[in-house]
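Using the numbering used here, you'd call the opening residue of the sequence shown number 113 and step up by one each time. Where a beta carbon is used, it is the ideal one built from N, C-alpha and C, also for glycine. Bear in mind the structure is a predicted one, so any value in this text is a computation, not a measurement.
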Amino acid sequence: MISPSPLPTTFRRWVALVGALGALLPSVQSQTAPAAPTTAPDVATLAKYDLNKNGVLDPAESAAMEADKKKEGAIVMTPFEVNTSQDKGYAAANTLSGGRINTPLDLSPVSIQVMTKEFMDDFGIADMQDAAQWTMNVDLPNFGGDGPFGGNRNEFNIRGAGGAGNYPVRDGVQQFFVADSYNSDRFEVVSGPNSGQAGLGNSGGLVGSSSKRLRYNNRSVSVSTRADNFGGYRGTVDFNVATARFGVRVNALHQNTKTIQEGTSNKQNAITMRAEFKVTPKTNLSFQFE
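See the structure below:
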């Protein structure tokens, strides 16, 4: 008869350790993390979403609140209109000149200089001719359109590519006059071969402007005046009245621009009337006369 030999001491210690861990494992798995603290809804939120008036938001009511938050966070903009409400001071957020559709500036593959309305007001920019003096790579014509030696003041030479036939655009459409700031929300200068991307402009680039658009649910009037030491003066009026679906905006200008040469006078009177009607949330009719 062979008697069994005792187990080694080291082996018995490992068995005891495994048994102790097995006994502790159920207690570890049974522990749960404490629930994250939740913020109680305020009175306004309860009044809007607590339909059964039980003082708390049920799952269905919470889901409705989250769905409204997502709707408020999304900003839907028409691709053929630049909304200047996102402009902050001198910084613009989007452009229409880069590709004929509303595009964020950080996604535009060309160099675009944008002058916001606040910039134009602070630096006394009256028209696109004044704006070009604050931009890079733009050469102004030497003579006016009515000068005896020819030339055209609305053909801009950008990056030395020549200005012949390089007319500006307004709201994405080519125009044959210099835009004025009294009825413009912004001026833009696109440098580079923009014609390959947008269909207009030469290899140097082009200049563009955006009309003042109607502000729905707004009723306001603004008046501005300025004068210079040559005896010139300028006055503008901006009137906007609109409901949630229909409105009218009128901009008027009267100025007399003089130069250092005595006896000169260049009077200008202008008015722009714009009416807009929101047929549906995604359909807007605009009528403008200048």
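If I follow the unbroken beta strand (DSSP E) through Leu397, where does it start and stop?
Thr395 to Phe401
Taking the continuous beta strand (DSSP E) assigned at Ala354, which residues delimit it?
Tyr345 to Ala354
Identify whether Gln241 lies in helix, strand or coil by the three-state DSSP scheme.
helix
How about the region 387-397 and the region 362-378: do they share at least three Cβ pairs that are nearer than 8 Å?
no
Leaving aside the five residues before and after Ala387 along the sequence, list all residues of the same chain whose C-beta is less than 6 Å from its C-beta, in chain order.
Val360 and Phe399
From the DSSP output, in three-state form, read off Pro171 for me.
helix
Within its chain, find whatever has a CB closer than 7 Å to the CB of Ile187; leave out the 5 residues flanking it on each side and keep chain order.
Confidence in Ile187 is poor, its pLDDT being 49 and thus under 50, which makes the residue's placement unreliable; the coordinate value appears in the next sentence. Closer than 7 Å at the Cβ level, and outside the excluded window around Ile187, lies no residue.
For the alpha helix (DSSP H) containing Lys101, list its first residue and its last residue.
Missing from the structure shown is residue 101; the chain here goes from 113 to 402 and no further.
Rounded to a whole number of angstroms, what is the C-alpha to C-alpha distance between Asn314 and Asn278?
6 Å
Using alpha carbons as the reference points, say which of Val362, Thr355, Ala156 and Thr369 lies closest to Asn341.
Thr369
Which residue's Cα is closest to the Cα of Ala203: Pro216, Thr228, Val222 and Ile224?
Thr228
Helix, strand or coil: how does DSSP classify Ala152 here?
coil
Kindly indicate the opening and closing residues of the beta strand (DSSP E) around Lys390.
Asn378 to Thr392
Please say whether Asn329 and Asp350 have beta carbons closer to each other than 7 Å?
no
DSSP state of Glu230 mapped onto helix, strand, coil
helix
Should Val301 and Gln225 be called a contact, given that it needs their Cβ atoms to be closer than 7 Å?
yes
Where does the unbroken beta strand (DSSP E) through Thr369 begin, and where does it stop?
Phe358 to Thr369
Return the first residue and the last residue of the beta strand (DSSP E) that Glu300 is part of.
Ser296 to Ser303
Considering Cα atoms alone, identify which of Gly274, Gln287, Ala243 and Ala172 is closest to Ser293.
Ala243
Verify whether the separation of the beta carbon atoms of Pro280 and Val319 is less than 7 Å.
yes
Reference Gln380; option with closest CA among Asp239, Val333 and Phe358
Asp239
N-terminal and C-terminal residue of the beta strand (DSSP E) that Arg338 is part of
Asn330 to Ala339
For Arg331, count neighbouring C-beta atoms within 10 Å of its own C-beta (all shown protein chains included) and say buried if the count is 16 or more, exposed if not.
exposed
Would you list the one or two residues that DSSP bridges to Gln286?
Val281
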